[in-house]
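If you count by mature numbering (1 follows the signal peptide of the UniProt record, and there is no 0), then the sequence shown holds residues -22 to -1, 1 to 632, one letter each, in order. These notes are about the structure you will find just below.
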Amino acid sequence: MRNILKSTVALLSVLVAFTSCDTASKSNSGALSSSAAEKVYVAPGEHDEFYAFISGGFSGQLSVYGLPSGRLFKVIPVFSLDAEKAYGYNEETKPMLNTSHGFVPWDDSHHPDISQTNGEIDGRWVFINGNNTPRIAKIDLSTFETTEIIEVPNSAGNHSSSFVTENSEYVVAGTRFSIPIPQKDMPIKDYKSNFKGALSFISIDPKHGHMDIKFQLIMPGFDYDLSHPGRGKSHGWFFFTTYNTEEASTLLEVNASQNDKDFIAAVNWKKIEDYVNNGGGTMMPANYAHNVYDEATHSATSTMKKEVRVVNPLDVPGAVYFLPTPKSPHGCDVDPSGEYIVGNGKLSANLTVHSFTKMLAAIENNKVAGDAYGIPILNFEDVLAGVVEQPGLGPLHTEFDGKGNAYTTFFISSEVVKWKLGTWEVVDRQPCFYSVGHLMIPGGNSQKPFGKYVLAMNKITKDRYLPTGPEVTQSAQLYDISGEKMELLLDFPTVGEPHYAAGCPADLIKPRSKKLFKLEDNKHPYATLNEADTKVVRDGKTVHIYMTTIRSHFAPDNIEGVKVGDKVYFHITNLEQDYDVPHGVSIIGANTSELLIMPGQTETFLWEPKQIGVWPFYCTDFCSALHQEMQGYVRVSPANSNTPLKWSLGEDIE
Ligand code: K7E
Ligand code: CUA
């Protein structure tokens, strides 16, 4: 054990030394040709060619950028509270963050993936995983709002997620950490062979996108790190990288690096789907939240689900195989044809590429090297398509340009390396500044990539930007890949830690982008569809204010009869029916954020006045030349007072 520790420490110091001298030698090489500037210049008033949805990592959100400009358009709140848009603060969206652990207003979001039709991205929804309290979210790309979140039971560190099959049949979520299934109180040292890893296949309703866990495959207790769907010829299969096939529960940096090869798990989900459709699998008690936002009521509901279907892989012979893959592979990437499965072995000097055709042949010929807990292990040589020899240090992720090239990031040597599928030769390499994780080519996770740019997402920036104290921004770098050689075009800062991104041509999304919500479609239970219907209603110690906004006043704007100790709900409907005219509202002392209400929408916040007085409220979004006039007052009387409830607009309360 001591030797192992020593050699790991030695290896790590070499890597650290490599990283730092690498960093030093590359700094200040910032000079770019003016043609690079032209290539990213989007003139004022012009639109970008691509959308890029970049995950926020520990921010828990998803940000929307334009490419090639790198301009930030929006941060979509997904797993974390957002005071800017009142997400998780207003009454309508609070249920979105409900889980079996209660209200969990934060997560760690990693891998966005856009829905597909016939193997091509269709721009309808983008899915993203919450790692920490396992969840998958769906964002509607007509409103750019999170409209559904499903918790994933029997899972922990929901990392090999959320990747979509080529007809959006499933969004798949795999557990990174194996755990007792079902959870129970047991000694940690009994991990081996007792802990299990769940791979969850979440069906997507083709019309509305509703998510439902179809089944969970209960696998051996490895760490399932990343995954990708097969496509084209390999459609119907799903591939997951594993590490810690050693099944260690302590000091994994040493103990999970013992095996020369870990596995890529190949899962024939079509086969399991058939099995399940014929009644296979067992319903297991579970407890997980399913949160759905309804555009008609502008409100979310949270339902606790009480069971989930689990499948033992041994009950479906021929459905799961292990492909030996060197050294704790991280990324698991499938090329656009579906033939090649790239295992990015973090600790391996070479890149391993498996062949789907050879895998099928090995299965057909029943050539099996052994098994792990009864799951057949194929021979490494039988499934190997080729090896990219010594392309760099610390391979993490690979994307494809659809022209026969692959692009792999190397974290330790901090570069993107371009290589050729089939010949495995390295054709170009470009440094990243610094320590790149994922990279993204728009459509790169589909049969039809748009191979014009690659976006590298970096962990470290050090000297690239103005310093902002000890925490400096993380960043993305855009490369032109239209030629033989890659060309660095642009650095731009990101929100949180960018793990992965999904990109697509703007034309797929732009025409469907909603401009407003129609008032006549507003089914919110507290909606007020015209000014004449505004009112204030007391129900014991609860007060409901039915309020409307229109440029440039609130109705009502004078309210009396509210008392200290009341719970006051402001239900505000924005009567505007014009594009881009939200109104905001906030009142002194409210601790649930302001509201930002889109045209035709109703939103609610709670105010619990603690002090008597006459308290102003105002619009927080500069909506017209008379925005500053958009204000009002609530009179708060003592708890035992007899001040009658009154409201008005344009007249004095008597
Ligand atoms: Cu490599 Cu979470 Cu996909 Cu980060 S992960 S880099
Ligand atoms: Cu309404 Cu400002």
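Glycine included, each C-beta is placed from N, C-alpha and C at the ideal position. Given the structure is predicted, the values throughout are model-derived calculations rather than measurements.
Query, Result
"Between the region 523 to 533 and the region 12 to 31, do three or more beta carbon pairs fall short of 8 Å?", "no"
"Shorter than 7 Å, the distance from the beta carbon of Phe600 to the closest heavy atom of ligand 2, or not?", "yes"
"Buried or exposed, going by whether 16 or more other CB atoms sit within 10 Å of the CB of Phe141?", "buried"
"Of all the options Pro594, Thr580, Gln579 and Thr598, which has the alpha carbon lying nearest to the alpha carbon of Ser571?", "Thr598"
"Within 10 angstroms of its Cβ, does Val405 collect 16 or more other Cβ (buried), or is it exposed?", "exposed"
"DSSP beta-bridge partners for Ile528?", "His531"
"Out of curiosity, what's the CA-to-CA distance linking Met464 and Glu509?", "59 Å"
"Specify, as a first and last residue, the run of the alpha helix (DSSP H) that Val320 falls within.", "That residue, Val320, is in no alpha helix (DSSP H); its beta strand (DSSP E) goes Tyr318 to Gly323."
"Buried or exposed: where does Leu301 fall if 16 or more other Cβ atoms within 10 Å of its Cβ makes it buried?", "buried"
"Using CA coordinates, which residue listed in Glu98, Thr439, Gln452 and Phe470 is at the minimum distance from Ser37?", "Gln452"
"Does any heavy atom of ligand 1 sit closer than 7 Å to the C-beta of Leu374?", "yes"
"Given a cut-off of 8 Å, decide if Gly208 and Phe200 are closer than it, judged by their beta-carbon atoms.", "no"
"Would Gly108 be called buried (16 or more neighbouring beta carbons within 10 Å of its own) or exposed?", "buried"
"Per the DSSP calculation, Ser626 is bridged to which residue(s)?", "Asn536"
"Give the range of the beta strand (DSSP E) segment to which Asn237 is assigned.", "Element bounds for Asn237: n/a, residue is neither H nor E."
"Which residue marks the beginning of the alpha helix (DSSP H) containing Trp247, and which one marks its end?", "Trp247 to Asn255"
"For Val20, which of helix, strand or coil comes out of DSSP?", "coil"
"Which of the three DSSP states is assigned to Lys4 in this structure?", "Summary for Lys4: the model assigns pLDDT 42, below 50, so the residue's position carries little reliability; its value from the coordinates is reported in the next sentence. In the structure shown, Lys4 sits in a helix (DSSP, three-state: H, G or I)."
"Runs of 3 residues minimum, wholly inside the region 160 to 237: which ones carry the beta strand (DSSP E) assignment?", "174 to 182, 189 to 198, 201 to 207 and 215 to 221"
"Could you tell me whether any non-hydrogen atom of ligand 2 is closer than 7 Å to the CB of Ser564?", "no"
"Just verifying my parser: in three-state terms, what is the DSSP assignment at Ala603?", "coil"
"Which residues does DSSP list as the beta-bridge partners of Asp86?", "DSSP lists no partner for Asp86."
"How should Leu466 be labelled, buried or exposed, when 16 other C-beta atoms within 10 angstroms of its C-beta is the threshold for buried?", "buried"
"Which class does Asp26 belong to by DSSP, given the choice of helix, strand or coil?", "coil"
"Since I believe Val546 is in contact with Val521 (beta carbons under 8 Å), could you give me their beta-carbon distance rounded to a whole number of angstroms?", "5 Å"
"Who are the near neighbours of Leu59 in its chain, counting only those whose CB is closer than 6 Å to its CB and skipping five residues on each side?", "Gly66 and Pro83"
"In angstroms, rounded to a whole number, what distance separates the CA positions of Leu45 and Thr439?", "20 Å"
"Got a sec, what are the start and stop residues for the beta strand (DSSP E) Asn340 sits in?", "For the record, residue 340 in the displayed sequence is Ala; it is not Asn. Per DSSP, Ala340 belongs to no beta strand (DSSP E); it is in the alpha helix (DSSP H), Phe334 to Glu342."
"Measure from the alpha carbon of Val150 to the alpha carbon of each residue in Phe193, Pro160 and Asn328, then state which is nearest.", "Phe193"
"State the Cα-Cα distance for the pair Gly474 and Leu230, rounded to the nearest angstrom.", "26 Å"
"May I ask you to check if the CB of Gly38 is nearer than 7 Å to at least one heavy atom of ligand 1?", "no"
"To the nearest angstrom, report how far apart Lys52 and Pro291 are at their CA atoms.", "42 Å"
"Assess contact between the region 260 to 277 and the region 350 to 363, defined as three or more Cβ pairs (one per stretch) separated by less than 8 Å. Is contact present?", "no"
"Ligand 2 and Ser530: does the residue's C-beta get closer than 7 Å to at least one heavy atom of that ligand?", "yes"
"State the beta-bridge partners of Phe595 as determined by DSSP.", "Ile565 and Gly610"
"How is the beta strand (DSSP E) around Val42 delimited, first residue to last?", "Leu40 to Leu45"
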